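>
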Amino acid sequence: MHATDDIPEHMQKQALQLAFDAWSRVVPLDFSEASGYDTPDVKVLFARQSHGDPWPFDGRGGVLAHATFPQDGKLHFDDDENWVFMDGRKIGNHRFTDMYWVALHEIGHVLGLSHSNIETAIMAPFYQDPRDLVDWRGNYKTPKLTQDDTRAAQQIYGKRYGRIGTSSSADRSDGTPSVGGGRRKSATYDDRHGGFWSRLGKLSTYSWIQWSKSQQT
């Protein structure tokens, strides 16, 4: 995997799996990390500046991450950000970005959701105010999907019936959403400093792209 040096690798995997699981609780899709023999549906990468797609990152601040929701399922994080995982103390000082929140948002795009005009929604276009992620004691407050987020996802995939990992079916006659689209990209912006799923099934996979630091510019 190509991971960031900011967070221990096992925490990065935990952040990603928790974010996928949050969506799995409301729609009938299950996600697991792909094995070395699987072709993943979503490819995850931390990168800096130009990194092999048409959307170079811009350094710290600005664009935090971007995701595609066409056939190629990409989820890229800007490695120039200062990433943390559910660390209320660091998030509260406004200099660190929570990987879990950003992953939760970007996975929404991977699933085909656009930005929401509801400011409190996970799919709102801007990174959440750190004051909303930390309580008055400095403890981390886990972000939750709002009714707006859930409704948008269920309009595409239907509702989940049963626990994650069970063979629940979508609210569609054929079990698949009627979605499509060309090459599209969406990004999450940080204002503190001033499409669609192609292979649908009961189990979907993601993996980290192998990426050498020497390849980054």
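As numbered in our numbering, the sequence shown has no gaps in its residue numbers, which increase by one up to the final residue, 208.
We treat Cβ as the ideally placed atom computed from N, Cα and C, and that holds for glycine.
Quick caveat: nothing in here was measured; it's all calculated off a predicted structure.
Answer with buried or exposed for Trp127, where buried requires no fewer than 16 other C-beta atoms within 10 angstroms of its C-beta.
Translated into positions along the sequence shown, residue 127 becomes position 136. The residue in question, Trp127, is exposed, as its Cβ has fewer than 16 Cβ neighbours within 10 Å.
> Could you pull the DSSP bridge partners for Tyr131 from this structure?
What you label residue 131 is simply residue 140 of the sequence shown in a count that begins at 1. Answer by DSSP bridge pairing, in chain order: Val125.
> Which residue's Cα is closest to the Cα of Asp12: Asp49, Leu124, Leu136, Ile147?
To locate residue 12, count along the sequence shown from 1; it is residue 21. Asp12 has its Cα closest to that of Leu136, out of Asp49, Leu124, Leu136, Ile147.
> I'd like the ranges of any beta strand (DSSP E) spanning at least 3 consecutive residues and lying wholly in the region 65 to 108.
Runs found: 65 to 69.
> Throw me the rounded Cβ distance for the Met90 and Val75 pair, which I believe falls under 8 Å.
Residue numbering aside, residue 90 sits at position 99 when the sequence shown is read from its first letter. Residue numbering aside, residue 75 sits at position 84 when the sequence shown is read from its first letter. Right, the Cβ-Cβ distance comes to about 7 Å (below 8 Å), so this counts as a contact.
> With DSSP collapsed to three states, give me the class of His1.
As a position in the sequence shown, residue 1 is number 10, starting the count at 1. Three-state DSSP puts His1 in a helix.
> What is the residue span of the alpha helix (DSSP H) that Ala56 lies within?
To locate residue 56, count along the sequence shown from 1; it is residue 65. Taken as a continuous stretch (DSSP letters only), Ala56 belongs to no alpha helix (DSSP H), being part of the beta strand (DSSP E) at 53 to 59.
> Mind checking Tyr148: buried by the 16 CB within 10 Å criterion, or exposed?
The residue given as residue 148 occupies position 157 in the sequence shown. Classification for Tyr148: buried.
> Do Asp71 and Phe48 come within 8 Å of each other at the CB atom, strictly closer than that value?
Your numbering for residue 48 matches position 57 in the sequence shown. Your numbering for residue 71 matches position 80 in the sequence shown. Contact flag set, yes.
> Based on the DSSP secondary-structure assignment, which residues constitute the bridge partners of Lys150?
Working through the sequence shown from its first residue, we reach residue 150 at position 159. DSSP output for Lys150 lists no bridge partner at all.
> Between Asn130 and His57, what straight-line distance do the alpha-carbon atoms span, to the nearest angstrom?
Against the sequence shown, residue 130 aligns to sequence position 139. Against the sequence shown, residue 57 aligns to sequence position 66. So the two alpha carbons sit approximately 28 Å from each other.
> So what's Leu7 in DSSP terms, helix, strand or just coil?
Along the sequence shown, read from residue 1 onward, the residue named residue 7 stands at position 16. If DSSP states are grouped into helix, strand and coil, Leu7 belongs with the helices.
> At what residues does the beta strand (DSSP E) containing Leu36 begin and finish?
One-based indexing of the sequence shown puts residue 36 at position 45. Element bounds for Leu36: 33 to 38.
> My understanding is that Leu104 touches Ala143, with C-beta atoms under 8 Å, so please give their C-beta distance in whole angstroms.
On the sequence shown, position 113 is the one that residue 104 refers to. On the sequence shown, position 152 is the one that residue 143 refers to. Going by Cβ atoms, the distance from Leu104 to Ala143 rounds to 5 Å, so yes, they are a contact pair.
> Are Leu66 and Val17 closer than 8 Å when you measure CB to CB?
Taking the first residue of the sequence shown as 1, we reach residue 66 at position 75. Taking the first residue of the sequence shown as 1, we reach residue 17 at position 26. Not closer than 8 Å, so no.
> By alpha-carbon positions, which one of Gln119, Glu110, Asp140, Met77 ends up nearest to Asp(-3)?
If you number the sequence shown from 1, residue -3 lands on position 6. Answer by Cα proximity: Met77.
> Give me the residue from Thr59, Val93, Gly83 with the minimum Cα distance to Pro45.
In the sequence shown, counting from the first residue as 1, residue 45 sits at position 54. The option with the nearest alpha carbon to Pro45 is Thr59.
> Between the Cα of Phe37 and those of Thr30, Leu55, Ala25, Asn108, spot the shortest distance and give me the residue it belongs to.
Locating residue 37 in the sequence shown gives position 46, where the first residue counts as 1. Checking every option, the nearest Cα to that of Phe37 belongs to Leu55.
> Contact check, Glu0 vs Ala(-6) under 8 Å by CB: the rounded distance?
Position 9 of the sequence shown, counted from the start, is the residue given in the question as residue 0. Position 3 of the sequence shown, counted from the start, is the residue given in the question as residue -6. Yes, Glu0 and Ala(-6) are in contact; Cβ-Cβ is about 5 Å, under 8 Å.
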